[in-house]
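Have a look at the structure below before the remarks.
Residue numbers (this note's numbering): 624 to 738.
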């Protein structure tokens with residue numbers, strides 16, 4: 624049984640930073656972060672393999688967000704810098720199953736960027 628628990632969301636001013644964390648229990652085959660804003664499609668932001676050697680970023684966050692993984696703490700992180708108001712959304716951690724699909728999801732953590 625895989626369980627993902629996100630933390631680290633909150634209210635931040637434009638230009639600020641936040642670091643999200645996703646504590647993982649159970650076995651996954653890769654990790655990622657999505658976000659979903661009201662009325663918008665769920666958006667894939669970043670993906671990382673289990674040893675951290677390969678990453679992928681959406682164009683919308685490339686250069687501002689960094690995904691990382693600390694296997695000693697069973698935690699995946701999303702460092703978010705230069706936050707903008709349009710980054711406001713619920714951020715969801717996801718884990719890949721054996722077939723490579725995003726089978727596992729956390730409950731989400733809210734990020735609000737506002738002055």
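Note that the Cβ used here is the ideal one computed from N, Cα and C, for glycine as well. Only a predicted model underlies this, so the values are computations on that prediction, with no experimental measurement involved.
Task: Beta-carbon contacts of residue 649 that lie in its chain and below 7 Å, excluding the five residues immediately before and after - done: Here residue 649 refers to the residue found at position 26 when the chain shown is read from its first residue. Around residue 649: 624, 625, 626.
Open item on the list: Under DSSP, the beta strand (DSSP E) around residue 684 begins and ends at which residues?
Closed with: As a first step, residue 684 must be located in the chain shown, where it is residue number 61. Counting along the chain, residue 684 falls outside any beta strand (DSSP E), and DSSP gives it neither H nor E.
Task: Residue range of the unbroken beta strand (DSSP E) whose run includes residue 646 - done: Here residue 646 refers to the residue found at position 23 when the chain shown is read from its first residue. 641 to 648 is the span of the beta strand (DSSP E), which, as asked, contains residue 646.
- [ ] Starting from residue 664, follow the beta strand (DSSP E) in both directions and report where the run begins and ends.
- [x] Reading the chain shown from its first residue, position 41 is the one you call residue 664. Counting along the chain, residue 664 falls outside any beta strand (DSSP E), and DSSP gives it neither H nor E.
TODO: Look up residue 722 in the DSSP assignment and say whether it is helix, strand or coil.
DONE: Locating residue 722 in the chain shown gives position 99, where the first residue counts as 1. Three-state DSSP puts residue 722 in coil, outside helix and strand.
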